[in-house]
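J.: Count along the sequence shown from 1, add 19, and you get the number used in this note's numbering. Virtual Cβ for every residue (Gly too), placed ideally from N, Cα, C.
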Amino acid sequence: MTTPFPDAPPLTEGAAWHRLHPLSPFVRAGRQMMSLVIVLFALAVLNERQARGDVVIDAVVIGIALAGGFISWLVTRWQIAGDVLRVETGLLRRDSRRIPLSQVQAVDVSQSGFARVLGLAELQLRVAGGDSERGGSLACLRVAEAEELRRQLLALAGAARRPARAAEAGVAQAAEPGAAEGTAPAGGSAPTAAPTAAAPGPLAAGPPSADSAGSLAGDVREAAAPGRQLFRVRAGRLPAAIVLTASGVRALVIAAAAGLTVQLTGSPGVLGPFLPVVLGVVLALWRQFNGEYATTIVAAPDGIRLSSGLIQRTAETIRPGRIQAVRLVEPLAWRPFGWCRLEVDVAGARQRHENQAEGQRLRALIPVGSRAEADEMLAELLSCRPVPDRRPPRRVIWKAPLGYHFLGWSGDERYVVASRGRVSRQTTWVPLEKMQSVRWVQGPWQRRLGLATVRLDVAGKRVSAKVSDRDAAEALEILGRLPDLARAARARAS
20 MTTPFPDAPP LTEGAAWHRL HPLSPFVRAG RQMMSLVIVL FALAVLNERQ
70 ARGDVVIDAV VIGIALAGGF ISWLVTRWQI AGDVLRVETG LLRRDSRRIP
120 LSQVQAVDVS QSGFARVLGL AELQLRVAGG DSERGGSLAC LRVAEAEELR
170 RQLLALAGAA RRPARAAEAG VAQAAEPGAA EGTAPAGGSA PTAAPTAAAP
220 GPLAAGPPSA DSAGSLAGDV REAAAPGRQL FRVRAGRLPA AIVLTASGVR
270 ALVIAAAAGL TVQLTGSPGV LGPFLPVVLG VVLALWRQFN GEYATTIVAA
320 PDGIRLSSGL IQRTAETIRP GRIQAVRLVE PLAWRPFGWC RLEVDVAGAR
370 QRHENQAEGQ RLRALIPVGS RAEADEMLAE LLSCRPVPDR RPPRRVIWKA
420 PLGYHFLGWS GDERYVVASR GRVSRQTTWV PLEKMQSVRW VQGPWQRRLG
470 LATVRLDVAG KRVSAKVSDR DAAEALEILG RLPDLARAAR ARAS
């Protein structure tokens with residue numbers, strides 16, 4: 020049998036190429052196939068006199084789509100060679116991707132509805148500082164195989180990062196006066212990193228040493244540890260909370276207007292032009308419910324594990340260093356029930372094949388929960404939690420009469436916290452070590468009142484904490500102090 024990659028580089032000894040599951044084409048083309056089938060079915064219903072030849076054409080179209088998926092599966096293979104994951108695909112246009120495991124920040128497992136029926140899952144790799152193109156995915160594998168491969172990849176990633184950290188520590192020690200004997204002198208060659216070990220088992224690129232095998236076994240056990248459950252959303256509370264959001268109220272208004280229109284006109288056909296709007300609102304609510312259903316948060320040795328989804332299941336591991344900001348949201352309609360929402364902004368772009376509802380908003384660790392549950396989660400995420408108790412000047416009431424009582428900020432040597440909002444109160448904590456820039460902003464109405472706002476930008480770009488409507492002199496003082504505090508926080512973190 021000829022290989023679909025005749026001119027591929029020679030294989031690493033002991034490292035075998037692997038293929039995805041044979042049913043992967045059906046899963047990857049599941050949504051497109053369902054859309055195509057629905058369109059063809061609608062055309063068949065509308066055209067009751069459809070000729071037999073049209074049915075044959077429709078069947079040919081579906082067959083071509085399936086054949087294309089099969090060819091894509093046939094020319095796709097993956098391999099772990101040393102500390103690099105290699106994924107190669109393409110028939111006419113070849114794509115060979117190398118993903119250094121030392122750059123991998125997390126390995127997630129997700130399942131679409133069709134994949135769950137077939138017992139398959141997709142493996143997604145998030146790389147440091149990368150976008151969705153630099154990351155990698157293996158779609159699809161059996162669920163048990165995907166979970167086992169995830170643990171092995173995390174173990175290999177941890178082993179690949181150790182030599183780099185040891186080399187950096189050696190260089191730093193050599194640069195210090197009075198360095199220990201045996202380290203490389205300043206200006207000399209850096210200590211040589213130990214060779215990267217490979218995980219034991221069929222995925223290994225070579226036989227590991229006893230020490231490396233022991234450390235890798237520990238990493239595998241750490242990745243497989245069950246962890247401690249921190250939160251699980253209540254199934255009965257989530258639908259009620261979604262209905263009480265702005266999108267839910269909008270859907271209720273549209274439904275009431277549609278019902279009233281049909282009642283007055285006596286003809287359901289008048290709603291035809293408005294069906295796209297109604298469908299869009301319903302789909303938005305469904306996506307949020309489907310994405311946040313059964314949200315479970317577990318504290319594990321390798322980070323915070325998040326799993327959620329009703330039909331499409333997503334499992335993600337958020338390492339502590341990837342969290343750029345934490346936001347607590349308290350909508351007005353939720354406050355009588357004592358409910359709130361806790362979100363985190365995570366470094367790294369979203370993967371293209373993630374749950375669409377999750378891709379459009381921050382990650383919700385607590386989609387809806389009590390304040391006590393949010394406080395417990397905040398204690399896990401933040402080493403200390405300053406309270407936004409520094410009130411704005413009294414004259415701010417002329418600019419923000421409704422939101423004045425909710426404006427505040429505070430900070431310490433690790434975090435800055437700011438709160439704002441009347442209809443939806445938001446409290447945002449930003450680690451100073453994650454701060455990328457700080458801006459001093461003053462609008463025309465603020466100039467008349469002698470006020471200014473300080474904005475803190477983080478790498479996630481979904482959260483920008485604002486110390487709003489402070490006295491102009493105080494805002495300048497904050498602007499001058501924050502860069503030094505951020506520099507000191509980054510020095511402590513390193």
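Specify the secondary structure class of L361 as computed by DSSP and reduced to three states.
T.: On the sequence shown, residue 361 is found 342 positions in, with the first residue counted as 1. Strand, per DSSP.
J.: Going by C-alpha to C-alpha distance, which of V482, L172, Q143 and E335 sits closest to A319?
T.: The residue given as residue 319 occupies position 300 in the sequence shown. When only C-alpha atoms are compared, the closest one is E335.
J.: Looking only at its chain, what residues have a beta carbon closer than 8 Å to the beta carbon of A191, apart from the 5 residues adjacent to it on each side?
T.: The sequence position of residue 191 within the sequence shown is 172, counting from 1. Unreliable placement is indicated for A191, whose pLDDT of 47 sits below 50; no coordinate value is reported for it.
J.: Could you pull out every residue in the same chain whose Cβ sits closer than 6 Å to the Cβ of R444, ignoring the five residues on either side in sequence?
T.: The count along the sequence shown starts at 1 and reaches residue 444 at position 425. Result list for R444: E349 and F425, in chain order.
J.: Identify the residues that DSSP records as bridge partners of L325: which are they?
T.: Walking along the sequence shown from the start, residue 325 turns up at place 306. Bridge partners of L325: I316 and E335.
J.: Measure the CB-CB distance between Q343 and V477 and report whether it falls below 7 Å.
T.: Residue mapping note: residue 343 aligns to position 324 of the sequence shown, counting from 1. Residue mapping note: residue 477 aligns to position 458 of the sequence shown, counting from 1. Taking 7 Å as the Cβ cut-off, Q343 and V477 qualify as a contacting pair.
J.: Three-state secondary structure (DSSP) at R116?
T.: Position 97 of the sequence shown, counted from the first residue, corresponds to residue 116. Strand, per DSSP.
J.: Reducing DSSP to helix, strand and coil, say where E107 ends up.
T.: Position 88 of the sequence shown holds residue 107. It is a strand residue.
J.: Would the segment 270-281 count as touching the segment 390-400 if we require 3 or more Cβ pairs under 8 Å?
T.: They do not touch, by the three-pair rule.
J.: Can you tell me which of the three DSSP states P350 falls into?
T.: Mapped onto the sequence shown, residue 350 falls at position 331. Strand at P350.
J.: What residue from C159, Q124, G155 and R135 has the CA that sits closest to E141's CA?
T.: In the sequence shown, the residue the question calls residue 141 occupies position 122. The candidate whose alpha carbon is nearest that of E141 is C159.
J.: Are the Cβ atoms of L384 and I330 separated by less than 7 Å?
T.: Taking the first residue of the sequence shown as 1, we reach residue 384 at position 365. Taking the first residue of the sequence shown as 1, we reach residue 330 at position 311. For L384 and I330, no; Cβs fall outside 7 Å.
J.: Name the DSSP beta bridge partners of W428, please?
T.: As a position in the sequence shown, residue 428 is number 409, starting the count at 1. Its beta-bridge partners are R409 and A437.
J.: Return the CA-CA distance between S402 and Q455, expressed in angstroms with no decimal places.
T.: Taking the sequence shown and counting its residues from 1, one reaches residue 402 at position 383. Taking the sequence shown and counting its residues from 1, one reaches residue 455 at position 436. So the two alpha carbons sit approximately 20 Å from each other.
J.: Which same chain residues, not among the five before or five after F308, have their C-beta less than 8 Å away from its C-beta?
T.: As a working note, residue 308 is residue 289 in the sequence shown. Around F308: L257, P258, I261 and L329.
J.: May I have the straight-line CA-CA distance separating W358 from F45, to the nearest angstrom?
T.: As a first step, residue 358 is located in the sequence shown; it is residue number 339 there, counting from the start. As a first step, residue 45 is located in the sequence shown; it is residue number 26 there, counting from the start. Whole-angstrom Cα-Cα distance: 41 Å.
J.: Applying the 10 Å Cβ sphere with the 16-neighbour rule, what's the burial state of Q370?
T.: Walking along the sequence shown from the start, residue 370 turns up at place 351. Confidence at Q370 is low in this model, with a pLDDT of 46, below 50, so the placement of that residue is unreliable and no value is reported for it.
J.: Could you pull the DSSP bridge partners for E141 from this structure?
T.: Mapped onto the sequence shown, residue 141 falls at position 122. In DSSP, E141 forms a bridge with S129 and A158.
J.: Counting along the chain, where does the alpha helix (DSSP H) carrying L475 start and finish?
T.: Translated into the one-based positions of the sequence shown, residue 475 becomes position 456. Run containing L475: none in the alpha helix (DSSP H); it sits in the beta strand (DSSP E), L470 to V477.
J.: Does the count of Cβ pairs from the segment 284-295 and the segment 412-419 closer than 8 Å reach three?
T.: No, they do not touch.
J.: Specify the secondary structure class of T178 as computed by DSSP and reduced to three states.
T.: As a first step, residue 178 must be located in the sequence shown, where it is residue number 159. The residue asked about is misnamed: residue 178 is Ala in this sequence, not Thr. Looking at A178 - three-state DSSP - the assignment turns out to be helix.
J.: Is W92 buried or exposed, if buried means 16 or more other CB atoms sit within 10 Å of its CB?
T.: To locate residue 92, count along the sequence shown from 1; it is residue 73. That one is buried.
J.: For the alpha helix (DSSP H) that contains P44, what are its first and last residues?
T.: Taking the sequence shown and counting its residues from 1, one reaches residue 44 at position 25. Unbroken alpha helix (DSSP H) run through P44: S43 to R47.
J.: Could you give the DSSP three-state label for L249: helix, strand or coil?
T.: Position 230 of the sequence shown, counting from 1, holds the residue named residue 249. Of the three classes helix, strand and coil, the one that applies to L249 here is strand, per DSSP.
J.: Using alpha carbons as the reference points, say which of G88, E311 and G101 lies closest to A35.
T.: In the sequence shown, counting from the first residue as 1, residue 35 sits at position 16. Closest option to A35, Cα to Cα, is G101.
J.: Tell me whether A34 sits in a helix, a strand or coil according to DSSP, three-state version.
T.: Numbered from its first residue, the sequence shown carries residue 34 at position 15. Here A34 sits in coil by DSSP.
J.: For P405, which option in L397, G430 and V345 has the closest C-alpha, if you only look at C-alpha atoms?
T.: Translated into the one-based positions of the sequence shown, residue 405 becomes position 386. Looking at the Cα atoms, G430 is the closest of the given residues.
J.: In three-state terms, what does DSSP make of V289?
T.: In the sequence shown, residue 289 corresponds to position 270, counting from 1. V289: helix per DSSP, three-state reduction.
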